[in-house]
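In the working numbering, the protein residues as written are 66 to 191.
Beneath this line is the structure, given in structure tokens, with notes to follow.
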């Protein structure tokens with residue numbers, strides 16, 4: 066129980082503020098050195114919902130976009146551009162971890178697939 070609370074708290078702190086420090090749903094900026102990923106969800110809620118598709122735009126700074134990959138159940142790639150990619154996320158109840166969707170973001174560095182960040186995104190389960 067304490068571990069679940071700690072994981073949720075860390076995710077909440079990481080993803081509750083946009084780059085200006087203002088609350089904006091699940092949107093967040095992830096940084097590793099000078100490499101930055103900005104996640105912009107099309108909802109202002111602090112959670113995803115079962116059986117509801119949510120759009121996500123990921124923008125990149127100092128990351129080779131062709132070396133980017135994402136892993137998670139219920140994620141569909143929908144296109145993108147030079148410095149961003151668009152996805153649709155539809156959480157599936159049987160694959161949730163403590164009512165959270167697990168997503169792993171990877172980048173290719175020096176010819177190897179490297180974990181950039183693992184996220185647990187809260188999902189509202191009715």
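Glycine included, each C-beta is placed from N, C-alpha and C at the ideal position.
Per DSSP, which one or two residues make a beta bridge with residue i?
i	result
residue 188	113
residue 147	None, per the DSSP bridge assignment.
residue 124	103 and 149
residue 161	Answer by DSSP bridge pairing: none, since residue 161 is not bridged.
How should residue i be labelled, buried or exposed, when 16 other C-beta atoms within 10 angstroms of its C-beta is the threshold for buried?
i	result
residue 86	At residue 86 the pLDDT is 37, less than 50, meaning the model places this residue with poor confidence; the figure from the coordinates comes in the next sentence. Per the 10 Å Cβ criterion, exposed.
residue 170	buried
residue 179	exposed
residue 175	exposed
residue 131	exposed
residue 136	exposed
Within the continuous beta strand (DSSP E) that includes residue i, where are the two ends?
i	result
residue 168	165 to 174
residue 95	93 to 97
residue 134	134 to 136
Using CA atoms only, rank isn't needed, just tell me which of the options is closest to residue i.
i	options	result
residue 120	160, 139, 102 and 176	139
residue 97	191, 181 and 135	181
residue 188	115, 143, 145 and 104	115
residue 190	152, 90, 134 and 159	159
residue 105	142, 151, 163 and 146	151
The region 109 to 117 in contact with the region 126 to 134 per 3-pair CB rule at 8 Å:
In the pairwise beta carbon analysis, the region 109 to 117 is classified as not touching the region 126 to 134: fewer than three pairs are separated by under 8 Å.
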